[in-house]
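Participant:
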Amino acid sequence: ELHETGSIDTIIDVIGAALALHNLNLFKAYAVSMPVAIGKGYIEFSHGVYPVPAPATIEILRRGNAIVVGGFAEGELTTPTGAAILINFVKKFVDSYPLFKVKAIGYGAGGERSWYSTKYC
Numbered sequence: 001e002l003h004e005t006g007s008i009d010t011i012i013d014v015i016g017a018a019l020a021l022h023n024l025n026l027f028k029a030y031a032v033s034m035p036v037a038i039g040k041g042y043i044e045f046s047h048g049v050y051p052v053p054a055p056a057t058i059e060i061l062r063r064g065n066a067i068v069v070g071g072f073a074e075g076e077l078t079t080p081t082g083a084a085i086l087i088n089f090v091k092k093f094v095d096s097y098p099l100f101k102v103k104a105i106g107y108g109a110g111g112e113r114s115w116y117s118t119k120y121c
């Protein structure tokens, strides 16, 4: 439900990710992902207090057959929006990366309170 994640924020995130993937011609790439860090603890939103991961996040990851790992850090490390973007880009989830040659490196940042936090997926 978009109202839970801030509809404008969510729409900008999804459109921005789609434009970046399109402009970089990455929709055709064979992307793999290590296990998704989901965090631990509890979060509070309009429907009350829920354990991490949020119900929407874990459902998206389940439907995408993602491998998940929790417990490394307190709080929500993967949001429903981040999970949805990841699920639609990654072709395969793996326990460890296959052999590959590094051709480019990209960094991303986002966060709950500041633009430079790397807390969220």
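Quick note on full-length UniProt numbering: the sequence shown kicks off at 1 and runs consecutively. Even glycine gets a Cβ: it sits at the ideal position worked out from N, Cα and C.
Which residues mark the beginning and the end of the alpha helix (DSSP H) in which I105 is found?
Facilitator: Neither: I105 is in no alpha helix (DSSP H) and is coded neither H nor E.
Participant: I67 and A83: beta carbons closer than 7 Å?
Facilitator: Result no, Cβ atoms of I67 and A83 do not sit closer than 7 Å.
Participant: If L99 sits next to V36, beta carbons under 8 Å apart, how far is it from one beta carbon to the other, in whole angstroms?
Facilitator: With 8 Å as the limit, L99 and V36 do not qualify as a contact, their Cβ atoms being about 22 Å apart.
Participant: So, with DSSP's three-state summary, where would you put P53?
Facilitator: The answer is coil: DSSP assigns P53 none of H, G, I, E or B.
Participant: Please look up how many angstroms separate the CB atoms of L21 and F27, rounded, as I've assumed it's under 8 Å.
Facilitator: Indeed, because the Cβ distance is near 5 Å, the residues count as touching under 8 Å.
Participant: What's the gap between the Cα of D13 and the Cα of T81?
Facilitator: In a straight line, the C-alpha of D13 is about 8 Å away from that of T81.
Participant: The ligand ZN and K40: does the residue's C-beta get closer than 6 Å to at least one heavy atom of that ligand?
Facilitator: Ligands in the displayed structure: none, and consequently the ligand ZN is not present.
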